[in-house]
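Participant:
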Amino acid sequence: MDSKTAQKWQKSWKDAQIFVPKEKGKKYFITTPYPYISGSLHIGHGRAVTETDIIARYKRMKGFDVLYPLSFHITGTPVLGISAAIKSGNQKMIQLYKGYIKTYISDEKEVQKVLDSFKEPQKIVDFFTPKMIEEYSGLGLSVDWSRTFTSGDMTHQQMVDWQFKKYKQLDYLKTGDHPVLYCPEDGNAMGEDDIKDADSNKVEKQEYTLLKFKFEDKFLVAGTLRPETVFGQTNLWINPDAKYVEVKVGDENWILSEKAAWKLSFQKKQVKILREIKDLIGKTAIAPGINKEIPIFPSTFTNPDRVTGIVTSVPSDAPFDYVALRDLKENKELTDKYGITDEVQKIKVIPIIKTQRYGDSAALALTDKHKIKNQNDPKLDELTKEVYKEGYHSGVMLENAGEFKGLKVSIAKEKIKQHLTKKGLADIFYETTRIAYSRSGGEVIVAVLDNQWFIDFNSEGWKQKAKKLLGGIDLVPDSYRKQFEETFEWLDKRPCARRRGLGTKFPFDKDWIIESLSDSTIYMTLYTIQDLIIKNNLKRENLSEDFFDYVYLNSISLDEASKSTGIDKELLKQLRQRFERWMPNDHRHTFSLHLSNHLSFMIFAHAALFEEKYWPKMISFHGLIVRDGGKMSKSKGNTISLLDIKEKWGADTFRFYITQSTTLDGTFDWKDKEAKNAQNTIKKILAEGKQAALQRKKGVVKPLYKSKFERIKKNATNYLENLKTREYNNQVVFNTLTVIKEAKKDLDEKHLASFYDYMLDDWIKMLTPAIPHTAEEIWAHSNEGLVSAQSWPKYDNGLIDDKLEYMSELAESLRLDIIDLQKLVDVNAKKLTIIISEKWKYDFLSKLKDITSDSMDYQYVMAEMMKTEHKKRGKETVALLQYYLKNISKIPKFLVSQEEEISALKENKKNLEKEFGYQIEIKISDGKGKKALPGRPGLLLG
RNA sequence: GCGGAGUUGCCGGAGUGGUCAAACGGGACAGGUUUAGGCCCUGUUAGCUUAGUGCUUACGCAGGUUCGAAUCCUGCACUUCGCACCA
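Start counting the first sequence at 171; every next residue gets the next number (the numbering used here).
Okay, structure coming up:
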């Protein structure tokens, strides 16, 4: 089907307004997350909306008044980033976006004009929004576009503003300090996209414990990841070539590397560099935790650019320390230079942690084992990790840990940290996991932002409410529930405002923008009223806190609301009714990756703000889209845009391919070759449908085919009810095509025509949710109007005849038996004798079925069987019994009597004679010769 | 590291105690149709065996429960996803 035909139908749907809700009758409100605007759309964007559309169309045909809306997300930094890059003359970005614009506009001058306008971020949104609606529409979506908005629209902003005011009233918002990746040169917090190579080599924040060593009237500060090792400290390390400074931090004076002081100034208030400090080596400081004087030694492995540039030495559990100390003991020249030779020689390793694998001095055990030569050995890094890992998992604190002895390392770590902090001997310092630079080249460090706003999911009572909501929600598939529960446990404080980006201003501090996941948790409510807001031209000042209090919560009176918002009472009432009509969201279809953020936040938001009856009812999940087994990405150039779908493949090919090739939540792997097959299948459906439409004629329909088709209807309905779109597709496409094929082979022209007449309309209707364009095309051949506006067919359970279908299966298996036999035998035979089983075996099987329905136990079945008259045929009975019990699958599903079997065979005789060219004789077995069983006649060829 | 999901035939992927050598689709092979190709039709696609409808081996690996396990239990191995300011 070409894109023109598809567009013709899309226009017909639009003109007929069939996807605009009627606002009456039983409702179904279905949503899928709004996509982010960033250029043109590809099939990854197409999956969710297509699957949602199938359900929406089905529900509509089932008689629901369906609301299926869609909007666009623009909040956050990406659009801003695109705009900034274009502004700054980034050629890569300019070319990329020129390319996008060119897909819609051909005139070179116009393209440039549009591109120039992108220097203003909002213009990007304005340009792409209608294009995206067009691209989505090309898939044949049954969306009501009259309620569309973007997350930057005034209505959305007012709603989010209201939401955060409610959070504040509920005391769910907190402020506090928060560490972020930060680039002082750029003056910005850094996301993954802002840091060089961060997508391939992640940068994370790491929390170090700062240990404070009393030194004169100051503190030397050393950072460590292992505060529990304080009991094994023997000395301090500093780098003799590095510059150390004294800084004033609050009321205290600290000594640390110059670089560290600079970093610290982004993490603590009032950090002031006072002076350089020299000649530390050989002096002593008092180690925290053990309150012992320890000496300061030189080391080259201490990097002044990492953490504080001062390291405390724990040779028992730090391979670096152990090796450095060993090296130092052997380097008398050096120690003499600093006059610390005696001190160095005196140092002894102090065991503090016992591990399963490496005893009580893990660092020693490992460095000896791996024969580490000196402190520059590259293996040391690996060993450090190993000691850390083993210590953390199996380590236990020894005697000298005082009150912490006997504790597991994993527990002692936290306790000791707290203990030292409380005594003023420890603090916190954040460092990045690796040295990193922003895209513009500035160094990335960790800064602690104060006055950061958080949503506190651990606020009193909130989690319980959210859990209650979760408990009442249908998840499809339900296996995601556990992951939700885990996520809920782990959710804590989430920073909800950022310094930059598009979006809604934070109501309590207008310098901040509400973060882009926090601002899209209740926007589906807006779909219930957005069209009315537009139609009535409501302004920002109308959509005040009171507006939403009334429309969403009904928590203030109509009079009050009307007075304060300046909105007519009738309209306000209507808005409230709209909200009441459409809420709750009956079904939300989303990407499974959204579970731990968007979906969880959505649940919390609904639990916080709305009455229970407005809580969402169902969430279903879809999976990833990949191509030829690999991820699609713009940089790889392997994306398929929705425009490609429209032009090259056809909307229905995509719709069909995506539904039939994977389950709802499975990964969908696009392969051109398979897409081609899907395209052929669509063609075939079209051809078969056309033929049926042309040949259909009222008449008598063979019950077998009625039964088969009614079964397809039943299955298709049940599958769709359970969101099994793939299985539904199997039924209405492949199974139906198979039945048509069988009918064509089996029926004469007249009967075929009446079968076509019987099934065609219902078949097209069932195809509609999956492949609506194709369905309309076939429908038009023999019907008026639009099939998209038809009702879903009802099935007649009474016409489904298991036995009838079973007998037709028997006929088929007989056919296959004959084929098998032909392969084994001389083909010259002219005659085929079909031998029907002896009568008593039918009775035997009937008894056997009865008995085995109680128990399959051999002894039991045998004993029971021997109670019947079959006892007299002892030997044969036992043999048969053994056969059937061993091959339970051979017990027929249905018992057909001997007479029925004969008459069915007689009916089938002609067809068989025609197909194989034998003369066929039907005989009843005399008990000799060829074995025959009920439903499985013996064959004699020749 | 913590937590989730998974491992089925040539491939994608159904299947959750007997009707399973395993749906459905695809691929490959053989035959028919066709001027040829495509479409279409028929058959084969774990091994062995057979005037037949039988046997053996198989659903990540190793054990266990059961008259009976792809399906339930235990352990192991591997794969994959998420872990917060990122949409």
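The beta-carbon is built from N, C-alpha and C at its ideal position, and this holds for glycine as well.
Please read these numbers as outputs of a predicted model, since none were measured by experiment.
(1) Which first and last residues belong to the alpha helix (DSSP H) in which Asp972 is found?
(2) Could you pull the start and end residues of the beta strand (DSSP E) that Gly251 belongs to?
(3) Kindly examine the ligand NAP and report whether one of its heavy atoms sits closer than 6 Å to the Cβ of Lys1000.
(4) Quick check on DSSP: helix, strand or coil for Gln526?
(5) Once DSSP output is grouped into helix, strand and coil, what is the label at Lys964?
(6) Taking just the CA atoms, how far does Ser370 sit from Lys301?
(7) Tell me the residue span of the beta strand (DSSP E) that contains Thr345.
(8) Run through the DSSP bridge pairs and tell me what Tyr607 is partnered with.
(9) Between Gly820 and Glu362, what straight-line distance do the alpha-carbon atoms span, to the nearest angstrom?
(10) Quick one: complete alpha helix (DSSP H) runs, 4+ long, within the region 993-1059?
(11) Please list the segments of the alpha helix (DSSP H) lying wholly inside the region 641-688, counting only runs of 4 or more residues, in order along the chain.
(12) Run through the DSSP bridge pairs and tell me what Ala392 is partnered with.
(13) May I ask you to list the residues that DSSP assigns as paired with Glu1091?
(14) With a threshold of 6 Å on Cβ separation, who are the neighbours of Ala731 within its own chain once the five nearest residues in sequence on each side are excluded?
(15) So, Thr554 versus Pro489, is the Cβ gap smaller than 7 Å?
(16) Alpha carbon to alpha carbon, what distance is there between Trp660 and Ala582?
(17) Using alpha carbons as the reference points, say which of Pro205, Thr735, Lys867, Leu728 lies closest to Gln747.
(18) Start and end of the beta strand (DSSP E) containing Arg797?
(19) Just confirm the distance between the C-beta atoms of Lys338 and Lys663, as a whole number of angstroms; I'd bet it's less than 8 Å.
(20) Where does Asp223 land, buried or exposed, given buried means 16+ other C-beta within 10 angstroms?
(21) Determine contact between the region 596-603 and the region 559-577, defined as no fewer than three beta-carbon pairs at a distance below 8 Å.
(22) From Ile704, Lys192, Trp1010, Gly308, pick the residue whose C-alpha is nearest to that of Phe319; which is it?
(23) In three-state DSSP terms, what is Ser210?
(24) Which stretch, first to last residue, makes up the alpha helix (DSSP H) that contains Tyr406?
(25) Are the beta-carbon atoms of Ile510 and Gly452 separated by less than 7 Å?
(26) Let me check understanding here. Comparing Cα to Cα, which of Thr273, Leu645, Leu813 lies closest to Asp756?
(27) Please tell me whether Ser770 and Tyr342 are closer than 7 Å, where the distance is taken between their beta carbons.
(28) Classify Ile207: buried if its beta carbon has 16 or more other beta carbons within 10 angstroms, exposed otherwise.
(29) From Asn461 to Glu416, what distance separates their C-alpha atoms?
(30) Which word fits Asn405, buried or exposed, when buried means at least 16 other C-beta atoms lie within 10 angstroms of its C-beta?
(31) Which class does Lys806 belong to by DSSP, given the choice of helix, strand or coil?
(32) Pop quiz: Glu1008 and Ser1095 are said to be a contact at Cβ under 8 Å. What is the actual Cβ separation, rounded to whole angstroms?
(33) Tell me which residue opens and which closes the alpha helix (DSSP H) that Asp331 is part of.
(34) Take the Cβ of Leu864 as the centre, count every other Cβ of all protein chains shown within 10 Å, and call the residue buried at 16 or more, exposed below.
(35) Nearest to Asp421 by CA position, among Lys539, Gln440, Gln830, is which residue?
(36) Any chance the region 289-299 sits against the region 231-251, with 3 or more Cβ pairs inside 8 Å?
Facilitator: Taking the structure as given:
(1) Membership of Asp972 in the alpha helix (DSSP H) is indicated by the continuous run 972-994.
(2) No beta strand (DSSP E) holds Gly251; the alpha helix (DSSP H) holding it covers 248-257.
(3) The ligand NAP is not part of this structure, which contains no ligands at all.
(4) Of the three classes helix, strand and coil, the one that applies to Gln526 here is coil, per DSSP.
(5) Coil.
(6) Distance between the alpha carbons of Lys301 and Ser370: 32 Å.
(7) First-last of the beta strand (DSSP E) with Thr345: 343-353.
(8) Per DSSP, the beta bridge partners of Tyr607 are Glu613.
(9) Cα-Cα distance, rounded: 37 Å.
(10) You should have 1009-1024, 1028-1036, 1044-1056.
(11) Runs of the alpha helix (DSSP H) inside the region 641-688: 651-660.
(12) Residue pairing for Ala392: DSSP places it in a beta bridge opposite Leu381.
(13) DSSP output for Glu1091 lists Thr1003 as bridge partner(s).
(14) The answer, listed in chain order, is Asp716, Tyr720, Leu742.
(15) The beta carbons of Thr554 and Pro489 sit closer together than 7 Å.
(16) Cα to Cα, the separation comes out at about 22 Å.
(17) Nearest to Gln747 by C-alpha distance, out of Pro205, Thr735, Lys867, Leu728, is Leu728.
(18) Element bounds for Arg797: 795-797.
(19) That belief does not hold up - the Cβ atoms of Lys338 and Lys663 are roughly 15 Å apart, past 8 Å.
(20) Asp223 should be labelled buried.
(21) Contact fails: fewer than three Cβ-Cβ distances are below 8 Å.
(22) Ranking Ile704, Lys192, Trp1010, Gly308 by Cα distance to Phe319 puts Ile704 first.
(23) Under the three-state reduction of DSSP, Ser210 is assigned to coil, being neither helix nor strand.
(24) In the sequence under discussion, the amino acid at residue 406 is Leu, which differs from the Tyr named in the question. Per DSSP, Leu406 belongs to no alpha helix (DSSP H); it is in the beta strand (DSSP E), 405-408.
(25) For Ile510 and Gly452, yes; Cβs fall inside 7 Å.
(26) The shortest Cα separation from Asp756 among Thr273, Leu645, Leu813 belongs to Leu645.
(27) Not closer than 7 Å, so no.
(28) Label assigned to Ile207: buried.
(29) Taking the straight line joining both Cα atoms gives about 22 Å.
(30) Label assigned to Asn405: buried.
(31) Three-state DSSP puts Lys806 in coil, outside helix and strand.
(32) With a Cβ gap of about 5 Å, Glu1008 and Ser1095 count as contacting.
(33) Looking at the DSSP string, the run of the alpha helix (DSSP H) that includes Asp331 is 324-339.
(34) Exposed is the call here.
(35) Comparing Cα-Cα distances from Asp421 to each of Lys539, Gln440, Gln830, the minimum goes to Gln440.
(36) Yes: at least three Cβ pairs fall under 8 Å.
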